[in-house]
Amino acid sequence: MVTVKEETRKGPWTEQEDQQLVCFVGLFGERRWDFIAKVSGLNRTGKSCRLRWVNYLHPGLKRGRMTLQEQRLILELHSRWGNRWSRIARKLPGRTDNEIKNYWRTHMRKKAQERKRDAISPSWSSSSLAYHSPSPSEPPPEVGLEQRELNEVGVCCCMTAGFDEEEEDVKGYSMDQIWNEIATPEAVSGLSFEECKNEVCDTSWPPMPSPMWEYSSELLWKMDDEEFKMFPPVDDLLVSNYQHGREFCN
DNA sequence: AAGATAGGCAACCGCCGGACG
DNA sequence: CCGTCCGGCGGTTGCCTATCT
Numbered sequence: 027m028v029t030v031k032e033e034t035r036k037g038p039w040t041e042q043e044d045q046q047l048v049c050f051v052g053l054f055g056e057r058r059w060d061f062i063a064k065v066s067g068l069n070r071t072g073k074s075c076r077l078r079w080v081n082y083l084h085p086g087l088k089r090g091r092m093t094l095q096e097q098r099l100i101l102e103l104h105s106r107w108g109n110r111w112s113r114i115a116r117k118l119p120g121r122t123d124n125e126i127k128n129y130w131r132t133h134m135r136k137k138a139q140e141r142k143r144d145a146i147s148p149s150w151s152s153s154s155l156a157y158h159s160p161s162p163s164e165p166p167p168e169v170g171l172e173q174r175e176l177n178e179v180g181v182c183c184c185m186t187a188g189f190d191e192e193e194e195d196v197k198g199y200s201m202d203q204i205w206n207e208i209a210t211p212e213a214v215s216g217l218s219f220e221e222c223k224n225e226v227c228d229t230s231w232p233p234m235p236s237p238m239w240e241y242s243s244e245l246l247w248k249m250d251d252e253e254f255k256m257f258p259p260v261d262d263l264l265v266s267n268y269q270h271g272r273e274f275c276n
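According to the numbering used here, the residues represented by the first sequence are 27 to 276, in order.
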């Protein structure tokens, strides 16, 4: 029509976009998504990039069905925390909040249907037909129900041991100075994807566990709470990215 | 074999809170 | 302090595939 201004892309990501994103995340780290979105040339929002990375491209992600252990853990944690998916996800290395959320939804749907069916027969009380997710701030109202479900999958109560009442007071990293230095679009706007790819990326694709990533992925997934404080990854990663980026831009 | 339904998953939306100028 | 921006989170939607009838 009148304007030539391209609209932000939406919908499914192409493989090319994925590669592009992986490269630029490799270069600049998992921050400043807006910036990455701009300089990468991807016609996506920063949010969209972040989501794609976190839910799909992150090298530490597990694939495939939830294991029985994971299922138990989800039930257990949900009974304690409610719909705090990201919080729950932190206890399940390699699983994303989105994945857990999806799992829970289908799980609950199944349960609801089973109950609807069973409501006819007396094995379930009809009061548990509807499940309402507890609000994030309060404990779930139907702990009894949850407990039954845990029993269903054969959970043992030792599970509750070892979860500290989360003090995830991860303090912010003041990286903005570094960023200010490197993150001017002009400094990188000349990057072509091909250059980035050659320079930064492993040739293998898809990016799932490549040596380059294993370091950060394992660490990042496992790093939680105390460990995170002891072993802050972001700065290190950023510094290396920064150095790499500098080399790259020269 | 074909249509209907359910399940699984990726992605978007809107809100919120923290950081920063 | 206040306004703005950005990233994170939870809820929701929509599409694709598998399974059922």
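No residue lacks a Cβ here, since even glycine has one placed at the ideal position from N, Cα and C.
Hey, could you find the ends of the alpha helix (DSSP H) Lys64 is sitting in? 59-65
Quick check: the Cα distance between His84 and Lys137, rounded to an integer number of angstroms? 31 Å
Counting Cβ pairs closer than 8 Å, one from the region 101-108 and one from the region 61-81, do we hit at least three? no
Glu43: which of Ala63, Phe54, Met92, Arg113 sits nearest, CA to CA? Ala63
Please classify Arg135 as buried or exposed, where buried requires at least 16 other C-beta atoms within 10 Å of its C-beta. exposed
Classify Arg76 as buried or exposed, calling it buried when 16 or more other Cβ atoms lie within 10 Å of its own Cβ. buried
For Asp123, which residues in the same chain have their Cβ closer than 6 Å to its Cβ, ignoring the five residues on either side in sequence? Trp111, Ser112, Ala115
Can you tell me the Cα-Cα spacing of Val96 and Leu118, whole angstroms? Per the sequence shown, residue 96 should be read as Glu rather than Val. Their Cα atoms are separated by approximately 7 Å.
Alpha carbon to alpha carbon, how far is Gly72 from Trp79? 11 Å
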